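Student: Right, I'll just put the structure down here and ask away after.
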């Protein structure tokens with residue numbers, strides 16, 4: 028069955044549409060959403076059935092963790108065992124934005140979401156539709172890219188539907204994201220920092236902040 032497609036503004040979303048999508052997530056469904064980089068798959072990370080759906084939709088190995096999107100530093104703190112000191116500097120400078128930070132996951136986060144690694148990758152996107160959705164859901168959502176595993180990430184809903192349309196029930200169409208680069212992934216474990224993937228935020232920018 029084809030996915031329901033709803034047009035929505037990335038930065039000025041209609042509150043009723045956001046609430047509609049939040050109800051899908053509350054019922055354990057997976058919703059495709061636009062972000063400030065690529066389209067993502069949003070679900071409740073505490074709902075193991077929803078998490079399993081994401082792995083099936085993407086054809087993603089369950090050994091690979093699912094990134095999680097948050098709408099505040101405080102919310103991030105509930106998902107991490109201990110927030111490293113570098114986290115606060117980075118969040119103040121680059122959140123909301125294209126920086127994903129990897130840290131030790133809190134025990135309250137299901138191990139399945141971490142790919143059984145005990146690590147969690149968190150990002151606060153610069154996209155009001157996502158921040159509002161998280162607020163409406165009442166908690167964080169998953170943020171893995173909305174594509175088949177190994178295929179290109181999607182910058183618009185047409186590309187997304189072509190890849191995943193028959194596997195989804197709801198797609199929020201925020202138009203073309205215009206993204207060329209994904210978020211930068213930074214590992215903050217062990218009281219240091221290491222770039223896992225250099226994306227929109229460069230190593231030079233991070234080094235200028237952290238030294």
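In the working numbering, the protein residues as written are 28 to 238. We treat Cβ as the ideally placed atom computed from N, Cα and C, and that holds for glycine. Everything numeric in this text was worked out from a predicted model, so none of it was measured.
1) Do you know how far the Cα of residue 228 is from the Cα of residue 235?
2) Where do the ends of the beta strand (DSSP E) carrying residue 67 lie?
3) Between the C-alpha atoms of residue 85 and residue 69, what's the straight-line distance to the nearest angstrom?
4) Where in the stretch 101-165 do unbroken runs of the beta strand (DSSP E), each at least 3 residues long, occur, reported from the N-terminal end onward?
5) Once you ignore the five residues that flank residue 48 on each side, which residues in its own chain have a CB closer than 7 Å to its CB?
6) Heavy atom of the ligand NAP less than 6 Å from the Cβ of residue 157, yes or no?
7) How many whole angstroms separate the CB atoms of residue 132 and residue 145, which I take to be in contact at a CB cut-off of 8 Å?
8) Consult DSSP for residue 76 and reduce its assignment to one of helix, strand or coil.
9) Among 29, 237 and 138, whose alpha-carbon lies nearest the alpha-carbon of residue 218?
10) Could you name the residues that DSSP lists as bridge partners for residue 185?
11) For residue 258, tell me which candidate among 138, 66 and 108 has the shortest Cα-Cα distance.
Tutor: Taking the geometry as given:
1) The straight-line gap from Cα to Cα measures roughly 12 Å.
2) It spans 67-69 - the beta strand (DSSP E) in which residue 67 sits, taken as one unbroken run.
3) C-alpha of residue 85 to C-alpha of residue 69: approximately 12 Å in a straight line.
4) Taking only runs of at least 3 residues, the beta strand (DSSP E) segments lying wholly in the stretch 101-165 are 126-131 and 146-150.
5) Excluding residues within five positions, the ones whose Cβ falls inside 7 Å are 58, 160, 197 and 199.
6) No copy of the ligand NAP appears in this structure; indeed no ligand is present at all.
7) With a Cβ gap of about 6 Å, residue 132 and residue 145 count as contacting.
8) Residue 76 sits in a helix when the DSSP states are folded into three classes.
9) Between residue 218 and the set 29, 237 and 138, the nearest pair of CA atoms involves 237.
10) Answer is none; residue 185 lacks a bridge partner.
11) In the structure as shown, the chain begins at 28 and stops at 238. Residue 258 is therefore absent and cannot be evaluated.
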